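In terms of numbering that gives the first Met the number 0, the sequence shown opens at residue 0 and continues consecutively.
Glycine residues also receive a C-beta, built at the ideal position from the N, C-alpha and C atoms.
Quantities reported herein were computed from a predicted structural model and do not represent experimental measurements.
Structure record follows, encoded as C-alpha cells.
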Amino acid sequence: MRIKMGECCPAVIPAGLRSYASQKTTSSISNNTKKSFLFSALYAAFIFGGRHLMNKRAKFELRKPLVLWSMSLAVFSILGAVRTAPFMLYILMTKGLKQSVCDQSFYIGPVSKFWAYAFVLSKAPELGDTIFIILRKQKLIFLHWYHHITVLLYSWYSYKDMVAGGGWFMTMNYGVHAVMYSYYALRAAGFRVSRKFAMFITLSQITQMLVGCVINYLVFSWMQHGQCHSHVQNIIWSSLMYLSYFVLFCHFFFEAYIGKTTKARKVD
Numbered sequence: 000m001r002i003k004m005g006e007c008c009p010a011v012i013p014a015g016l017r018s019y020a021s022q023k024t025t026s027s028i029s030n031n032t033k034k035s036f037l038f039s040a041l042y043a044a045f046i047f048g049g050r051h052l053m054n055k056r057a058k059f060e061l062r063k064p065l066v067l068w069s070m071s072l073a074v075f076s077i078l079g080a081v082r083t084a085p086f087m088l089y090i091l092m093t094k095g096l097k098q099s100v101c102d103q104s105f106y107i108g109p110v111s112k113f114w115a116y117a118f119v120l121s122k123a124p125e126l127g128d129t130i131f132i133i134l135r136k137q138k139l140i141f142l143h144w145y146h147h148i149t150v151l152l153y154s155w156y157s158y159k160d161m162v163a164g165g166g167w168f169m170t171m172n173y174g175v176h177a178v179m180y181s182y183y184a185l186r187a188a189g190f191r192v193s194r195k196f197a198m199f200i201t202l203s204q205i206t207q208m209l210v211g212c213v214i215n216y217l218v219f220s221w222m223q224h225g226q227c228h229s230h231v232q233n234i235i236w237s238s239l240m241y242l243s244y245f246v247l248f249c250h251f252f253f254e255a256y257i258g259k260t261t262k263a264r265k266v267d
C-alpha cells in the first residue's frame, strides 16, 4: 500500500521516535553546535580584517567566480524549494494550518529530511557571499552580515530540537533565496535586470519576516495546549530575530527604493 506524504507521521512525533530520529539525522549538528559560534567569530574577524587590508589594495573583479558562486546557490535553493514546498503544501491543504506548523515529520521525511539538513549546513558556506563584497570593495551594510551570523547561529541551535515551524521557515527561505541568488547571478553575468525585480525580492524578504513572526505566535499559542513541540527560549530568540529582520529590511527598502526616488525627484 502506498503511503502519501504526511499520512505516516502525526502532528507531534512521539518522544521515543523523536529521540531516535534526532540521533540519526541531527547528530552532526548537535555535536558541532559550538562550531557555529567559531564560524561566526572567524567571519566577523574576516569582515573587519579584510576591509582593513582592502583599503590599501585595488579591488578584485571576480566576475566569473561570482557568477559561478551565485548560480550554484541559486540552483541549490531552487532544488530545495522544489523538494520542500510540495511537502508543506500537501500538509497545509490536506491537514490544515495547525498541522503544517506543528508537524515534525519535515525533519524525518524521506525527502524533506535531507533538505532540512542541507538547509542548516548551507548557512556556513553562504557566509562566502561576504568574501566577494569585501574583495570587490563594495558597500557592506549591517543587515548583510548581521543576517548571515544570526541565521547561522539560530539554524544550528534550533535544528537539533526539531522545533515546530521549521518546515515553514526553511521552505520560505529556500523560495526567497532561489529568486535572490538567480537575480545575483544575472547581475554578475552582466544582464540588465529591472529595478522592479530587486524591489520584489526585498518585499518578499519583508513578507517572509512577517510570516515568520506569525508562525512564532502560532507555535507559542498551540504549545500551551501541548500541540506544538518547541520551548519558550527558542520562540523568544526566533521572534527577536524575525522582528529585527523585519525592521532592517523595511529600512533597507525605504533607503534603496523610496528614499532615492524622492531625492531624484527633488533634484529634477
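Same chain only: Cβ atoms within 7 Å of residue i, ignoring 5 sequence neighbours per side
i, result
"Met222", "Ser229"
"Gly49", "Ile133"
"Val218", "Val100, Ala163, Gly164, Cys227, Ser229 and Ile234"
"Val178", "Ile200 and Ser203"
"Ser196", "According to the sequence shown, residue 196 is Phe rather than Ser. Hits under 7 Å: Tyr182."
"Thr32", "Trp155, Tyr156 and Lys159"
"Met198", "Tyr256"
"Ile130", "none"
"Val66", "Ala184, Ala187 and Ala188"
Nearest-angstrom beta carbon gap, residue j and residue i [assumed within contact, 8 Å]
i, j, result
"Lys58", "Lys136", "4 Å"
"Gly165", "Ala115", "7 Å"
"Cys249", "Ile205", "6 Å"
Inter-residue spacing [alpha-carbon to alpha-carbon] between residue i and residue j
i, j, result
"Ala20", "Trp68", "Reliability of the predicted coordinates at Ala20 is poor, the pLDDT of 44 falling under 50, and the value obtained from them is presented with this limitation in mind. The straight-line gap from Cα to Cα measures roughly 33 Å."
"Val210", "Phe168", "9 Å"
"Gly95", "Pro109", "21 Å"
"Ala184", "Gly225", "45 Å"
"Pro64", "Thr93", "44 Å"
"Met240", "Ser39", "16 Å"
"Met208", "Thr201", "11 Å"
"Lys159", "Glu60", "40 Å"
"Phe105", "Tyr182", "28 Å"
"Leu120", "Tyr153", "12 Å"
"Arg186", "Arg62", "10 Å"
"Leu242", "Phe141", "15 Å"
"Ser220", "Gln103", "17 Å"
"Ile77", "Lys138", "27 Å"
"Gly127", "Leu88", "31 Å"
"Cys212", "Phe252", "19 Å"
"Val246", "Asn54", "30 Å"
"Phe36", "Gly258", "36 Å"
"Ala172", "Ile46", "First, the amino acid is wrong: residue 172 is Asn here, not Ala. Computed Cα separation, rounded: 24 Å."
"Leu41", "Phe118", "21 Å"
"Pro124", "Tyr244", "21 Å"
"Leu151", "Met70", "21 Å"
"Thr170", "Met161", "15 Å"
Contacting residues, own chain, Cβ-Cβ under 6 Å from residue i (five flanking each side not counted)
i, result
"Leu270", "Residue coverage of the chain in this structure runs from 0 to 267, which leaves residue 270 outside it and unanswerable."
"Ala255", "none"
"Cys7", "Unreliable placement is indicated for Cys7, whose pLDDT of 38 sits below 50; no coordinate value is reported for it."
"Ser238", "Asn215"
"His176", "Ser76"
Any chain C beta carbon closer than 8 Å to residue i
i, result
"Asn233", "Among the protein chains of the structure shown there is no chain C, as only one such chain exists."
Close beta carbons around residue i, own chain, < 8 Å, minus the five adjacent residues each side
i, result
"Val74", "none"
"Ala43", "Trp144 and Ile148"
Counting pairs of beta carbons, one from the region 233–240 and one from the region 182–200, are three or more of them closer than 8 Å?
Touching, no.
Could you tell me whether the region 131–149 touches the region 82–90, where touching means 3 or more Cβ pairs closer than 8 Å?
The way I'd put it, the region 131–149 doesn't touch the region 82–90; fewer than three beta-carbon pairs between them come closer than 8 Å.
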